Amino acid sequence: MQTITEKIDQFEAGGQALRDAVANLPDDVMDAKPGPGKWSIRELVIHMADTDAIAIDRMKRVIAEDCPLLIWADETAYMDHLAIASQDVGDALTSFEVGRRQFARVLRTLSSETFERFGIHSRSGKVTLMQLLEMYIWHLDHHLQFLMDKKKNLGY
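What follows is the structure in structure tokens.
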């Protein structure tokens, strides 16, 4: 079982892990789609930057507010309406990496009791800060597996 410090370290390391996973990929690989309804690697990176901004906001609110409402975000609507093709992957990677690094600094200052604080997610119900941290570690791992499988299928 991981300690809180190890979980925070893993959360922070995710920024570099995502950057490393897409390093030196040509545009045709970044934009290749595995099939209808599936995201390209470029779209996945933008998705990770978008969702991490939401994730960090949720965790901040659980830390700072009493029982905040955490609104569900529609990732498909983001993909459909936020001009993904016009966004820069390098900027998205930087946003993701810096966001995690900066927020890990905050997480390291917290008492273990603070990780028991909770908010109410509009779909999932009660969720603690620790559960949110673990969820966002899992979220990246989940998408990194997809990304690695996709690279392998494309010969990278």
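The sequence shown maps to residues 5 to 160 in the working numbering. Where a beta carbon is used, it is the ideal one built from N, C-alpha and C, also for glycine. A quick note: this is a predicted structure, and the numbers were derived from the prediction, not measured.
* To do: Identify, in the order they occur along the chain, each residue of the same chain with its Cβ nearer than 6 Å to the Cβ of glutamate 120, setting aside the five sequence neighbours on each side.
  => Thr132
* Asked: In three-state terms, what does DSSP make of leucine 86?
  -> coil
* Report the option in Leu86, Arg65 and Asp84 whose CA atom is closest to the CA atom of histidine 125. => Arg65
* Which residue's Cα is closest to the Cα of leucine 158: Lys11, Lys37 and Arg23? -> Lys37
* Cutoff 6 Å; reference alanine 59; Cβ partners in own chain excluding five residues on either side -> Tyr140
* To do: Compare the beta carbon distance of valine 93 and arginine 46 with 8 Å and say whether it is the shorter of the two.
  => yes
* In the structure shown, what three-state DSSP assignment does leucine 22 receive? -> helix
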